[in-house]
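In order, the protein sequences belong to chains A and B.
Taking my numbering, the leading residue of the first sequence gets 1, the next gets one more, and so forth.
Taking my numbering, the leading residue of the second sequence gets 1001, the next gets one more, and so forth.
For glycine and all other residues, C-beta sits at the position ideal for the given N, C-alpha and C.
Computed from a prediction, not measured in an experiment: that's the story for all the values here.
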Amino acid sequence: MASTPPLDFERPVVELEQKILEMRALSDTLDIQPQIDELQAQIEKLRAEIYRNLTRWQRVQIARHPERPYTLDYATHCFEDFVELHGDRTFRDDPAIVGGLASIGSNRVMIVGHQKGRDTKTNLYRNFGMPNPEGYRKAHRLFLLAEKFSLPVVCFLDTPGAYPGIEAEERGQAEAIAQNLLLMSKLKTPILIIVIGEGASGGALGIGIGDRILMLENAWYSVIAPESCSSILWRSWDYKEQAAEALKLTADDLVGVGIVDRIVQEPIGGVQRAPQQMFEQMRSIIIEELGSLTAIDHDTLVRNRREKFYRMGVWTG
Amino acid sequence: MAWFLRKTRNISESHQREMPDGLWTKCPDCSTVIYRKELEEHAFTCRTCNHHFRIGASKYISVLLDEGTWVEADRQVRSADPLDFVDTRPYKARLKEAYTRTDLPDAVTTGSGILSGTPIEFGCMNFGFIGGSMGSVVGEKFVRTCKRALHRKHALVFVSASGGARMQEAALSLMQMAKTSAALAELAEARLPFVSVLTDPTTGGVSASFAMLGDVIIAEPKALIGFAGPRVIEQTIRKKLPDGFQRSEFLLEHGFLDIVSHRKELKETISTVIQLLSGTNHA
């Protein structure tokens, strides 16, 4: 099923899979089903082995896998009646941030998330998931709409960063993100954050303040992408692996420092191998999380949310 | 070996340096040589071309606060290197070097003082300390300053100068953007004024959080202000940026600043704004 080239560390698995295909071609004339079964078992074992011992940089690569589900996939597969809402009412509709109304279980919700494209054409349209200020302002509008109608907000984070362009600066990228941080710190409705792929810096956090922060097993979230970190601190693009290690950017790492509340396990090999399984799992997790959040009154919710972020950081004195 | 080639392309040092403390200082813009006393009288700006020198907290305290009113708080708050971060050097070594070289507590100095008779809570970033980068310490001290403002019902004045988030604290430094913004939400609910002063440079995580959330935002002339740094933008769009791009005057024109104020007039401007917002009078 893989239409994209495999990641480096998956090559041993792919080679064995290739072998099975070759054997199948011969199986018309020979009965080699037992050998195929054995090889298949070997593949599963090898894959499990590889995925148990991923380095941080390998996880970054999985987080960027072009077949991973994006926000609109979750919106249409985990929720019912998704109605996409467009535009910031000021400048334009930014396709790099999507949002809309939906229902899930007994909840009506507002969905907001970054959106990447899958091929050159859709990636150009989505600006590779890098929002402009109008994207953050669309999110701002939808947050207020959610609060007005007491809808919990579910945010899906997946961006290589806010777009660093001339027009983005002219239209106030910094101000747009800052306004969202302020609004999300006082929004009187539950906010559930789920990091599904890349959580790059302010561009991710710009829709990322919430009561509960969930993160997929192979997603990454940090202040900067490993490549850019390498170029700044090592003054070379060649230290991305070391940068990824130093940044401690995986879900496991972030649970350790109190940023992420819950890790969402992925199917072995990454969510792209079994998206349907992930959608079902995600659906029940969202219903469960919203169940506990909607039971809390809004003032307590906001106070706890602020306290949660006040605790973040490590200092002495 | 060519003598003119630098051994290491060390961007941090030359760009981070604040004003030297010598008796005579040469203006980097117009080359006028200025006597120290004269520089002080002009609030550390060049009398010939109005160049605003990069100065740290101690000089801003003398420029903005009434003499003898400054009380520093939370100087003991220090970075703990939670991630054991090592790039070409350990973060711990970078911190130690910065403490020794600058004699500063971190990239921000916070406390209380009186500005033209009005008691305020005050914070000022130190660009000379690891590029004014925001890590756990900056975030925590910012929140404590807001809490003091809430407790004492004072206005908050905060002077920003920062290259962005402190990379060596990774996701923890990113979260300081959220943490500082949350504290400002509380200040807003208590209807206490927040005057945000942007100086050269204010970029990255600081600009995309508290710096851009002032009730009134004032910038010094020609300060570099933006989300992405100019080099990152040039690399992305593969074009040279126009002159004056991301400077204070550009932001004023595009609607992201209230006022561009010469440093010599900054104190009076802030004082007037606070009085008009909150109705406090001169003592």
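Residues that residue i bridges to, as DSSP identifies them
i        : result
P1314(B) : Outside the displayed range of chain B (1001 to 1283) lies residue 1314(B), so it cannot be described from this structure.
S1062(B) : Its beta-bridge partners do not exist; DSSP assigns none.
M1134(B) : A1165(B)
K1026(B) : V1033(B)
M1177(B) : M1177(B) is not bridged to any residue.
M110(A)  : L101(A) and V153(A)
N1079(B) : Looking at the sequence shown, residue 1079(B) is not Asn but Ser. Partner(s): W315(A).
S1196(B) : F1158(B) and I1217(B)
Y221(A)  : G199(A)
I1225(B) : T1202(B)
M130(A)  : Answer is none; M130(A) lacks a bridge partner.
Burial state of residue i (16 or more Cβ within 10 Å)
i        : result
C229(A)  : buried
T1291(B) : Nothing about residue 1291(B) can be read from this structure; chain B reaches only from 1001 to 1283.
M1(A)    : Unreliable placement is indicated for M1(A), whose pLDDT of 42 sits below 50; no coordinate value is reported for it.
C1030(B) : exposed
W220(A)  : buried
E1013(B) : Confidence is the limiting factor: at E1013(B) the pLDDT is only 42, short of 50, which leaves the residue's position unreliable and the question unanswerable from this model.
H1254(B) : exposed
C1286(B) : Given that chain B is displayed from residue 1001 to residue 1283, the structure contains no residue 1286(B) and the question cannot be resolved.
A1170(B) : buried
P133(A)  : buried
N127(A)  : buried
P5(A)    : exposed
R303(A)  : exposed
V1033(B) : exposed
Y1035(B) : exposed
H1052(B) : buried
Collapsed DSSP secondary structure at residue i in the structure displayed
i        : result
L192(A)  : strand
S27(A)   : coil
L284(A)  : The amino acid at residue 284(A) is misidentified as Leu; the sequence shows Ser. DSSP places S284(A) in helix when its eight states are reduced to three.
W1070(B) : coil
P1201(B) : strand
Y1091(B) : helix
F9(A)    : helix
A174(A)  : helix
S1261(B) : coil
F82(A)   : strand
G202(A)  : helix
I1274(B) : helix
C1124(B) : strand
I263(A)  : strand
R92(A)   : coil
D253(A)  : helix
H1052(B) : strand
D297(A)  : coil
T948(B)  : Because chain B is modelled from 1001 through 1283, residue 948(B) falls outside the range shown and cannot be assessed.
D73(A)   : helix
Distance CB(residue i)-CB(residue j) smaller than 8 angstroms
i        : j        : result
A1149(B) : T1118(B) : no
P131(A)  : A225(A)  : no
V1157(B) : L1184(B) : no
H155(A)  : G210(A)  : Reading off the sequence shown, one finds Cys at residue 155(A), where the question assumed His. Yes, the Cβ-Cβ distance between C155(A) and G210(A) is below 8 angstroms.
G1135(B) : W1070(B) : no
I111(A)  : F149(A)  : no
G117(A)  : A162(A)  : no
I259(A)  : A1208(B) : no
L216(A)  : A251(A)  : yes
R1166(B) : G317(A)  : no
E169(A)  : Q1246(B) : yes
T1102(B) : G1128(B) : yes
P95(A)   : Y74(A)   : no
L181(A)  : M1177(B) : yes
Y1204(B) : L1174(B) : Contrary to the premise, residue 1204(B) reads as Gly rather than Tyr in this sequence. No. Outside cutoff.
V14(A)   : R47(A)   : no
A1057(B) : R1263(B) : no
R1217(B) : S1196(B) : Residue identity differs from the one stated: residue 1217(B) is Ile in this sequence, not Arg. Yes, they are a contact pair.
T76(A)   : F82(A)   : yes
Practice task
Pull out every residue of the stretch 270–284 of chain A whose Cβ sits closer than 7 angstroms to any Cβ of chain B, in chain order.
Solution key: none
Handout entry: Residues in the stretch 1131–1152 of chain B having any Cβ partner in chain A nearer than 7 angstroms
Key = S1136, V1137, G1139, E1140 and V1143
Problem - Under 7 angstroms (Cβ pairs) to chain B, residues found in the stretch 177–208 of chain A - result: I177, A178, L181, L182, S185, K186, S201, G202 and L205
Problem - Within 8 angstroms of chain A by C-beta, residues of the stretch 1204–1216 of chain B in sequence order - result: G1204, G1205, S1207, A1208, S1209, F1210, A1211, M1212 and L1213
Practice task
Can you give me, in chain order, the residues of the stretch 1169–1193 of chain B that have a beta carbon less than 9 angstroms from any beta carbon in chain A?
Solution key: E1169, A1170, A1171, L1172, S1173, L1174, M1175, Q1176, M1177, A1178, K1179, T1180, S1181, A1182, A1183, L1184, A1185, E1186, A1188 and E1189
Problem - the stretch 215–229 of chain A: positions lying closer than 9 angstroms to chain B by Cβ - result: Y221, S222, V223, I224, S228 and C229
Exercise for the section: Could you run through the stretch 1215–1233 of chain B and flag, in chain order, every residue whose CB is less than 7 angstroms away from some CB of chain A? Expected result: G1226, F1227, A1228, V1232 and I1233
Problem - Residues in the stretch 1069–1083 of chain B having any Cβ partner in chain A nearer than 9 angstroms - result: D1074, R1075, Q1076, V1077, R1078, S1079, A1080, D1081, P1082 and L1083
Problem - Residues of the stretch 303–315 of chain A whose Cβ lies closer than 7 angstroms to any Cβ of chain B, in chain order - result: Residues passing the 7 angstroms Cβ filter: R306, F309, Y310, M312, G313, V314 and W315.
Practice task
Closer than 9 angstroms, Cβ to Cβ, to anything on chain A: give me those residues from the stretch 1239–1266 of chain B, in chain order.
Solution key: K1239, L1241, P1242, F1245, Q1246, F1250, L1251, H1254, G1255 and F1256
Exercise for the section: Check each residue of the stretch 1094–1125 of chain B: if its Cβ is closer than 8 angstroms to any Cβ of chain A, include it; give the result in chain order. Expected result: none
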